[in-house]
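Quick note: to get the numbering used here, add 138 to the position in the sequence shown (first position is 1).
Okay, structure first, notes after.
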Amino acid sequence: MGIINLFDPWKSKLCTCPRKYTINPYTGCSHMCLYCYTTSYIGLRKSAPKKDIIKRLKKDLERCDPRIPIDMSLSSDPYPPEEKKYRITRKVLELLLPKGFKVQVTTKSTLILLDLDLFQKYNVAVSMTITTLDDNLARKIESFAPVPTERLKALEEIFKAGVPFSVRIDPIIPYLNDDKEELKELVREVVSIGAKHIVTSTYKARPDNFKRMVEKFPELEHKWRKLYYPKGRVRGYAYLPIDLRKRLLSIITSEAKKLGVSYATCREGLITKEFFNAKSCDGTHLIPERFSSKFRKTITLTDKFEK
Ligand code: SF4
Numbered sequence: 139m140g141i142i143n144l145f146d147p148w149k150s151k152l153c154t155c156p157r158k159y160t161i162n163p164y165t166g167c168s169h170m171c172l173y174c175y176t177t178s179y180i181g182l183r184k185s186a187p188k189k190d191i192i193k194r195l196k197k198d199l200e201r202c203d204p205r206i207p208i209d210m211s212l213s214s215d216p217y218p219p220e221e222k223k224y225r226i227t228r229k230v231l232e233l234l235l236p237k238g239f240k241v242q243v244t245t246k247s248t249l250i251l252l253d254l255d256l257f258q259k260y261n262v263a264v265s266m267t268i269t270t271l272d273d274n275l276a277r278k279i280e281s282f283a284p285v286p287t288e289r290l291k292a293l294e295e296i297f298k299a300g301v302p303f304s305v306r307i308d309p310i311i312p313y314l315n316d317d318k319e320e321l322k323e324l325v326r327e328v329v330s331i332g333a334k335h336i337v338t339s340t341y342k343a344r345p346d347n348f349k350r351m352v353e354k355f356p357e358l359e360h361k362w363r364k365l366y367y368p369k370g371r372v373r374g375y376a377y378l379p380i381d382l383r384k385r386l387l388s389i390i391t392s393e394a395k396k397l398g399v400s401y402a403t404c405r406e407g408l409i410t411k412e413f414f415n416a417k418s419c420d421g422t423h424l425i426p427e428r429f430s431s432k433f434r435k436t437i438t439l440t441d442k443f444e445k
């Protein structure tokens, strides 16, 4: 396993992602979202730069195809508070972008603005996660990430800088952020700022994130158990009943459709036009082709990464 890897979400049939690489400059995530899925694999820990990341990345670049987009990051935020001190994400971008790689930066953080200069010059799109417009609720479920009003302000800057962005409304959690009118307002708000694509998903319960959720919201435990674990055993990835998933997701997708932006769902296995009307589900189709490098022009490999 290298620093750059082909994205393979557990070979899930429910995933509609295009072929892409993923890179995580950090391991662990200081944002400590209650619903985080990554903690099932690595435990709950603060962000720390990956060991020898720059050295390992330089080695990986020899075997990566720059035509395949890179999603940064999917299992830790690339802009945790620690980024102010380490600037690891910046160093990674400074290696990737001048080689012509196409990068989507996925974050909940306003620190992304530190690297706007790079985004304006190279092939970068942003995917900002916003799960609610309610700062108080966000403080409870995404305790150490910047609140939504700050993320919206950051998106205004990103838009002014001419950098394309999508918004990830993920996860939708029953009884917390599933109010129909509030979700529609969230879509309207981000589209009015300049979002070109919306991707959404429902909360999938894992034993460890479910435990954190019920510790924080004990009054909802019974209702969530009925929805997620009707047979009683808390294990694996538990999905909501399909009818409920469709009902919640269609609030977002129908509003996006009405406003004329592309939309998709994530890890829901829903590919009809009602739920998926975009060149990519994840927003990587928004990455602009601003910059081409000698490295990229001379490379002829197709699947060198796997060889
Ligand atoms: S920002 Fe993402 S990776 Fe970090 S804790 Fe939240 S869900 Fe997990």
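C-beta atoms are modelled at their ideal positions from N, C-alpha and C, and glycine is treated no differently.
Since we're looking at a predicted model, the values are computed, not measured.
Nearest-angstrom Cα separation, counted from residue j out to residue i
i, j, result
"A186", "R405", "27 Å"
"L196", "E232", "For the record, residue 196 in the displayed sequence is Lys; it is not Leu. The alpha-carbon atoms of K196 and E232 are separated by roughly 11 Å."
"K445", "L358", "Since pLDDT at K445 reaches only 35, below the 50 mark, its modelled position is unreliable, and no value is offered."
"L293", "T391", "20 Å"
"V399", "D255", "26 Å"
"G238", "I336", "26 Å"
"Y375", "Y224", "34 Å"
"E393", "L382", "17 Å"
"C419", "T403", "6 Å"
"I425", "G370", "44 Å"
"R289", "I268", "8 Å"
"E280", "L234", "29 Å"
"C174", "C167", "9 Å"
"Y366", "E319", "24 Å"
"Q242", "S178", "24 Å"
"L324", "D190", "40 Å"
"K349", "K432", "50 Å"
"N347", "F145", "22 Å"
"T338", "D317", "14 Å"
"P345", "I311", "15 Å"
"L271", "A263", "22 Å"
"Y217", "D198", "22 Å"
"R363", "P236", "49 Å"
"K395", "N315", "21 Å"
"K384", "P356", "26 Å"
CB contact flag (residue i, residue j, <8 Å)
i, j, result
"K278", "K354", "yes"
"M351", "L212", "no"
"K193", "Y164", "no"
"P309", "T340", "yes"
"T176", "D215", "no"
"F303", "A333", "yes"
"K291", "I389", "no"
"T422", "P156", "yes"
"I180", "I161", "no"
"L387", "R326", "no"
7 Å CB neighbourhood of residue i in its chain, flanking five on each side removed
i, result
"Q258", "A299, G300, V301"
"I206", "R157, K158, Y159"
"I331", "L290, L293, E294, F297"
"K222", "L249"
"R183", "G166"
"E502", "Outside the displayed range of the chain (139 to 445) lies residue 502, so it cannot be described from this structure."
"A129", "There is no way to answer for residue 129, as the model of the chain reaches only from 139 to 445."
"R373", "P345"
"G140", "R194, D198"
"F443", "For F443, the predicted model reports a pLDDT of 45, less than 50, meaning its position is unreliable; a value from the coordinates is still stated below. Only L144, R201, C202, D203 meet the Cβ criterion."
Cβ neighbours of residue i in the same chain (closer than 8 Å, five flanking residues each side left out)
i, result
"E136", "There is no way to answer for residue 136, as the model of the chain reaches only from 139 to 445."
"D441", "Because D441 carries a pLDDT of 44, less than 50, the predicted location of this residue cannot be relied on, and the following value inherits that uncertainty. Cβ within range, chain order: D203."
"V285", "D273, A276, R277"
"I409", "T154"
With 16 other Cβ atoms within 10 Å as the buried cut-off, status of residue i
i, result
"Y313", "exposed"
"S430", "exposed"
"S247", "buried"
"K361", "exposed"
"S265", "buried"
"T287", "exposed"
"R306", "buried"
"I380", "exposed"
"E200", "exposed"
"D253", "buried"
"D209", "buried"
"S150", "exposed"
Sequence-distant residues of its chain with Cβ nearer than 6 Å to residue i (five each side left out)
i, result
"G407", "L152"
"E295", "L251"
"F414", "A402"
"V328", "V305"
"I226", "P163, P187"
"L378", "T340, L365"
"A283", "H169, K246"
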